[in-house]
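S.K.: Below you will find the structure I want to go over with you.
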Amino acid sequence: AQSVTQLGSHVSVSEGALVLLRCNYSSSVPPYLFWYVQYPNQGLQLLLKYTTGATLVKGINGFEAEFKKSETSFHLTKPSAHMSDAAEYFCAVTRGDSSYKLIFGSGTRLLVRP
Amino acid sequence: DAGVTQSPTHLIKTRGQHVTLRCSPISGHKSVSWYQQVLGQGPQFIFQYYEKEERGRGNFPDRFSARQFPNYSSELNVNALLLGDSALYLCASSLIGGETNTEAFFGQGTRLTVV
Chain A
18 AQSVTQLGSH VSVSEGALVL LRCNYSSSVP PYLFWYVQYP NQGLQLLLKY
68 TTGATLVKGI NGFEAEFKKS ETSFHLTKPS AHMSDAAEYF CAVTRGDSSY
118 KLIFGSGTRL LVRP
Chain B
719 DAGVTQSPTH LIKTRGQHVT LRCSPISGHK SVSWYQQVLG QGPQFIFQYY
769 EKEERGRGNF PDRFSARQFP NYSSELNVNA LLLGDSALYL CASSLIGGET
819 NTEAFFGQGT RLTVV
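Sequence lines, in order, name chains A and B.
Numbered according to this note's numbering, the first sequence spans residues 18 to 131.
Numbered according to this note's numbering, the second sequence spans residues 719 to 833.
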């Protein structure tokens with residue numbers, strides 16, 4: 018079975034500060050990992066994904082994440098927060114098989130203070 | 719190009735009623751998945767359809783059903799609505815149903831409120 022744990026339901030940072038959103042996963046098979054962002058009253062937008070290959074993945078809007086198998090983690094970072102980054106962020110995992118079932122964490126709401 | 723479109727955007731139903739939610743995938747996408755997102759939680763997988771066949775089902779009761787049409791659009795049906803069915807229902811389309819490294823594109827969702 019697969020699962021995702023996002024530490025911290027709310028994270029607050031100042032504009033210009035480092036953003037770090039934590040995600041740990043559990044998977045009995047090599048996972049594919051994703052970060053999605055959700056703005057109010059909208060659907061989900063893919064920020065970045067890890068499937069195979071390079072463990073440091075760069076996404077849109079200056080975000081990146083590093084897959085660490087030994088720590089079963091896939092934390093999301095951004096060097097400098099912008100006000101427009103305020104949103105809900107979801108980490109998700111899926112198996113590398115024929116189904117496309119995404120298993121999501123409970124989400125982290127990012128607040129950016131001016 | 720149009721993204722994933724869902725209708726309606728908002729819906730209010732009474733307990734015990736039936737509801738049908740609709741989704742049109744991105745042109746050329748043959749796979750549609752449905753997710754339920756209860757307030758304050760992450761989305762939960764309900765169904766995946768690929769080439770009009772059910773490919774996966776989540777842990778939801780039989781009151782939930784879906785189908786995919788020849789034009790790859792999809793409907794999600796929920797019978798005998800309960801208060802707990804109140805949620806944002808998200809539809810996602812992807813190019814190929816059998817490749818998990820294919821990005822899933824999400825629609826804006828349908829906000830269902832059961833009273």
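For every residue, glycine included, the Cβ atom is placed at its ideal position computed from N, Cα and C.
#1: Please state whether DSSP places Asn78 of chain A in a helix, a strand or coil.
#2: To which residues of the same chain is Gly124 of chain A closer than 8 Å at the C-beta, ignoring the five residues directly before and after it?
#3: DSSP state of Leu794 of chain B, grouped into three classes?
#4: Mapping the DSSP letters down to three states, classify Ser101 of chain A as helix, strand or coil.
#5: Alpha carbon to alpha carbon, what distance is there between Ile120 of chain A and Leu64 of chain A?
#6: Using a beta-carbon distance below 8 Å, is Gln59 of chain A in contact with chain B?
#7: Lys118 of chain A CB to nearest chain B CB: under 8 Å?
#8: Just to confirm, is the Cβ distance from Thr831 of chain B to Ile730 of chain B under 8 Å?
#9: Grab me the residues of Thr89 of chain A's own chain with a C-beta within less than 7 Å of its C-beta, minus the 5 sequence neighbours each way, in chain order.
#10: Buried or exposed: Arg733 of chain B, going by 16 or more other Cβ atoms within 10 Å of its Cβ?
#11: Closer than 6 Å by C-beta to Lys770 of chain B: which residues in its own chain qualify, once you throw out the five before and the five after it? Chain order, please.
#12: Does any CB atom of chain B fall closer than 8 Å to the CB of Ser43 of chain A?
#13: Does any CB atom of chain B fall closer than 8 Å to the CB of Ser29 of chain A?
#14: Cα separation between Tyr67 of chain A and Leu93 of chain A?
#15: When the cut-off is 8 Å and only beta carbons count, does Phe763 of chain B lie next to chain A?
M.R.: Checking against the coordinates, here is how it stands:
#1: helix
#2: Gln23, Ser26, Gln55, Glu105, Tyr106, Phe107
#3: strand
#4: helix
#5: 16 Å
#6: yes
#7: yes
#8: yes
#9: Asn41, Tyr42, Ser43
#10: exposed
#11: Gln786
#12: no
#13: no
#14: 12 Å
#15: yes
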